[in-house]
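J.: The listed protein sequences correspond, in order, to chains A and B. Anchor point for the first sequence: position 101 equals 101 in our numbering, and the numbering is continuous, going up by one each time. Anchor point for the second sequence: position 125 equals 1125 in our numbering, and the numbering is continuous, going up by one each time. Note that beta-carbon positions come from the ideal geometry of N, C-alpha and C, so glycine has one too. Take a look at this one; I'll ask things after.
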Amino acid sequence: MAKGIFIIVEQRNLQIRKVSLELLSQGRKVADETGETLVAVVLGHGIDVLAQTVTASGADKVILIDNEKLAEYTTGAYTSVLNKLIRKEEPQAVLMGNTAIGKDLAPRLAQRLGVGLASDCTGMEIDAKNFLSFKRPVYAGKAFAYLSSNVRPILATIRPNTFKAEAPDASRQAEIVKETAEIDSADLRAILKEVAIAASKRPDLTEANIIVSGGRGMKGPENYVILEALADVIGAAVGASRAAVDSGWKEHKFQVGQTGKTVAPTLYIACGISGAIQHLAGMGSSKFIVAINKDPEANIFNVADYGIVGDLFDVVPVLTEEFKKLVKE
Amino acid sequence: MNIIVYIKQTFDTEAKIVLDANGKIDANGVNLIINPYDEYAIEEGIRLKEKFGGEVTVVSMGGASVQTAIRTALAMGVDKAVLVSDPALENSDEWTNAEILAKAVSQIPYDIILAGRIAIDDGASQIAVRLAEILNIPSISSVLKLDITGTEATATREIDGGTELIEVSLPVVITAQKGLNDPRYPSVAGIMKAKKKPLQTLTLADLGFGDIALKMNVDKFSLPTPRQAGRKIAGEAAQAAQELARLLREEAKIL
């Protein structure tokens, strides 16, 4: 009999990713409603210190798998260790964030377990028949598909910012279990030589609460400094439209849209972006959208909660000053 | 070097999505293209062949319309193609698709298998990695740079907020991220030649599949609630910016 909801907790240098905390919070709610156990699974090296954090975030049980070969993520070792754990523990469901790691790990794990996978989900419901069902965007959010599976365990990756991470409760207690990892040489065929994290004080696009994005109206790469100034006042990430990326003004990793990143921040500020359908697909599920554009007929105004028809080079600097005042208050 | 490129035909990025009478995504009248990320995979495959010699084979799944995508790949410089075409594929899932693809691929020699990092239609990003698992070979996702020396591959892959450098022995599955290369356009000569290049069509029965079992069910589709245009804030730049800041704080309660 399948038991428990597993949250695969993602950490880098002992920092837990925000999406993992979001999943623990939502997993707690599902566990309470279904009477299941919420299990946080943490892989890494020197990870004992993380048990407290995941307990405070909602776990009933914490499984720590500590091994120096797990210090950095590798597809082979992580898949192997999780496959063995899941076969032993037989959980109902296994959830992880739809991050670079989640996207790489989940399909490989699903295939090894012989199960389905609902990837990049933006909704999760308790389902009388199949325990959980999932909502996921297709065509970059131009439509949604609803998925369920009667095969166990149910695997899903959840998009960051889908659920809210509740405040930790330090009084919570959990059972802590330490499992040993058996990693053989066949699990280590791909060798990680180097990790280069770009130094940035700004949040990752997919996790950001606020995104300030610039399109063709930016006129050139040098003008992004005015967006960056705005972004830094409110702790936002900076994004770009395909037009700006194709012009070579911004790297592809900043691109929002169907051929870039799909984002769902609380606030999306579109500057000089016309609102092509493929861009709207990538940011249309943002909670609030602000558009600043010279063209009153621009498509972006059809989806914007607040719009300013005007030259972004006049509006953005004033907005930056206004935000500074608000932040000070 | 034997190179396989897995490609998928998708809707154009400008396509508007509507549901048909059965509540399924309606493909009628939609312009079809090669999934944009697969173009990087095709280009990389052709470059590897130009550098090391050998043969590039594209493999795809879907209906007769996919032949158009395949001909484009052949015109770019791919040597031959295999299309798995079967009505049963319409209701398939990622697990099944990967199993079918693995069967098709196993009939072709390979040192490297390339695919796009994501298909812009279902956006699941599963098939290439599942394929690698079935073939019991490593995979590297979201690759920005690929170097091959002898039987060793070194790849730079995108991760959240940075990159990783990974070394692996061939054979390997590589999924291509934008930035890997700049895909060529088919030349007129290439288009002419493509017509004569071999395209093998296989059914599921040819690959030894009977009824296909599913691990994941799509219960239904829906369209997003259209967003309503909000309000336009009038006034000069300074005045409008001030009003916007106020609304974001007092009405939207964000800042």
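Determine which residues of the region 161-195 of chain A have a Cβ less than 7 Å from any Cβ of chain B, and write them out in chain order.
T.: Hits within the stretch, in order: 189, 190, 191, 192, 193, 194 and 195.
J.: Using a beta-carbon distance cut-off of less than 9 Å, what residues from the region 1157-1169 of chain B approach chain A?
T.: Answer set for the region 1157-1169 of chain B: 1157, 1158, 1159, 1160, 1161, 1162, 1163, 1164, 1165, 1166, 1167, 1168 and 1169.
J.: Excluding the 5 residues preceding and the 5 following residue 162 of chain A in the sequence, name in chain order all residues of the same chain whose CB lies nearer than 6 Å to its CB.
T.: Correct list, in chain order: 122.
J.: Could you tell me whether the Cβ of residue 1130 of chain B comes closer than 8 Å to any Cβ of chain A?
T.: So, interface residue.
J.: Taking the runs of the beta strand (DSSP E) that are 3 residues or longer, which of them lie wholly in the region 1179-1207 of chain B?
T.: Within the region 1179-1207 of chain B, the complete beta strand (DSSP E) runs of at least 3 residues are 1199-1202.
J.: Hey, is residue 274 of chain A's beta-carbon within less than 8 Å of any beta-carbon in chain B?
T.: With 8 Å as the cut-off, residue 274 of chain A does not count as an interface residue toward chain B.
J.: Looking only at its own chain, which residues have a Cβ that is under 7 Å from the Cβ of residue 151 of chain A, when we skip the five neighbours before and after it?
T.: Cβ within range, chain order: 115 and 116.
J.: Name the two residues that bound the continuous alpha helix (DSSP H) containing residue 83 of chain A.
T.: Unbroken alpha helix (DSSP H) run through residue 83 of chain A: 75-89.
J.: Tell me whether the beta-carbon of residue 1166 of chain B lies closer than 8 Å to the beta-carbon of residue 196 of chain A.
T.: No, the pair does not count as a contact, with Cβ atoms beyond the cut-off.
J.: Mind pulling the alpha helix (DSSP H) runs of 4 or more residues that sit fully within the region 1146-1177 of chain B?
T.: As far as the region 1146-1177 of chain B is concerned, it has no whole alpha helix (DSSP H) run of at least 4 residues.
J.: The beta strand (DSSP E) spanning residue 1009 of chain B covers which residue range?
T.: It spans 1009-1011 - the beta strand (DSSP E) in which residue 1009 of chain B sits, taken as one unbroken run.
J.: For residue 158 of chain A, list the residues DSSP reports as bridge partners.
T.: DSSP, once it has assigned bridges, lists A:97 and A:121 as partnering residue 158 of chain A.
J.: At a CB distance below 7 Å, what residues from the region 82-94 of chain A approach chain B? Give them in sequence order.
T.: Cβ contacts with chain B: none found.
J.: Going along chain A in order, which residues have a C-beta closer than 7 Å to the C-beta of residue 1141 of chain B?
T.: Neighbours of residue 1141 of chain B on chain A, chain order: 103 and 104.
J.: By the three-class DSSP mapping on this structure, what secondary structure does residue 289 of chain A have?
T.: Residue 289 of chain A: strand per DSSP, three-state reduction.
J.: Buried or exposed for residue 1223 of chain B, going by 16 or more other Cβ atoms inside 10 Å?
T.: Result: exposed.
J.: What are the residues in the region 20-48 of chain A lying within 7 Å of chain B by C-beta distance?
T.: Answer in chain order: no residues at all.
J.: Given this structure, state the Cα-to-Cα distance separating residue 1077 of chain B from residue 203 of chain A, to the nearest angstrom.
T.: Approximately 41 Å between the Cα atoms of the pair.
J.: Given residue 1201 of chain B, which residues of its chain have a CB within under 7 Å of its CB, disregarding the five upstream and five downstream residues?
T.: For residue 1201 of chain B, where only same-chain residues beyond five positions count, the Cβ hits under 7 Å are 1083 and 1085.
J.: May I have the straight-line CA-CA distance separating residue 238 of chain A from residue 1199 of chain B, to the nearest angstrom?
T.: Rounded to whole angstroms, residue 238 of chain A to residue 1199 of chain B spans 45 Å at the Cα level.
J.: Leaving aside the five residues before and after residue 159 of chain A along the sequence, list all residues of the same chain whose C-beta is less than 6 Å from its C-beta, in chain order.
T.: If we look at residue 159 of chain A and ignore the five residues flanking it on each side, its Cβ neighbours are 98, 120 and 122.
J.: For the region 1113-1133 of chain B and the region 1003-1017 of chain B, state whether three or more C-beta atom pairs, one from each stretch, are separated by less than 8 Å.
T.: The region 1113-1133 of chain B is in contact with the region 1003-1017 of chain B.
J.: Starting from residue 1076 of chain B, trace the beta strand (DSSP E) in both directions and tell me its first and last residue.
T.: Counting along the chain, residue 1076 of chain B falls outside any beta strand (DSSP E), though it belongs to the alpha helix (DSSP H) covering 1066-1076.
J.: Using a Cβ-Cβ cutoff of less than 7 Å, which residues in the same chain neighbour residue 1124 of chain B once the five nearest sequence positions on both sides are dropped?
T.: So the list reads 1094, once near-sequence residues are dropped.
J.: Buried or exposed for residue 213 of chain A, please, with buried defined as at least 16 other CB atoms from any protein chain shown within 10 angstroms of its CB.
T.: Result: buried.
J.: Which chain D residues sit within Cβ distance under 7 Å of residue 277 of chain A?
T.: Within the model displayed, chain D is absent; protein chains A and B are what it includes.
J.: Is the beta carbon of residue 16 of chain A closer than 8 Å to that of residue 92 of chain A?
T.: Taking 8 Å as the Cβ cut-off, residue 92 of chain A and residue 16 of chain A do not qualify as a contacting pair.
J.: Going by C-alpha distance, which of B:1230, B:1206, B:1138 and B:1197 is nearest residue 1073 of chain B?
T.: When each option's Cα is compared against that of residue 1073 of chain B, the closest is B:1197.
J.: Leaving aside the five residues before and after residue 249 of chain A along the sequence, list all residues of the same chain whose C-beta is less than 6 Å from its C-beta, in chain order.
T.: 221, listed in sequence order.
J.: Can you say whether residue 295 of chain A is buried or exposed, counting buried as having 16 or more other CB atoms within 10 angstroms of its CB?
T.: By the 10 Å Cβ count, residue 295 of chain A comes out exposed.
J.: Check whether the Cβ atoms of residue 96 of chain A and residue 110 of chain A sit closer than 8 Å, and answer yes or no.
T.: No, they are not a contact pair.
J.: Between the region 253-269 of chain A and chain B, which residues of the former have a C-beta closer than 7 Å to a C-beta of the latter?
T.: Taking 7 Å as the Cβ-Cβ cut-off against chain B, the residues of the region 253-269 of chain A that qualify are 253, 258, 259, 266 and 267.
J.: Residue 152 of chain A CB to nearest chain B CB: under 8 Å?
T.: Chain B, which has no Cβ nearer than 8 Å to the Cβ of residue 152 of chain A, makes this no.
J.: Span of the alpha helix (DSSP H) holding residue 64 of chain A?
T.: Residue 64 of chain A -> not in any alpha helix (DSSP H); beta strand (DSSP E) instead, spanning 61-66.
J.: Name the DSSP beta bridge partners of residue 1222 of chain B, please?
T.: BP columns for residue 1222 of chain B point to A:144.
J.: What ranges does the alpha helix (DSSP H) occupy inside the region 174-246 of chain A, keeping only unbroken runs of at least 4 residues that lie completely in it?
T.: 224-234 and 242-246, all fully within the region 174-246 of chain A.
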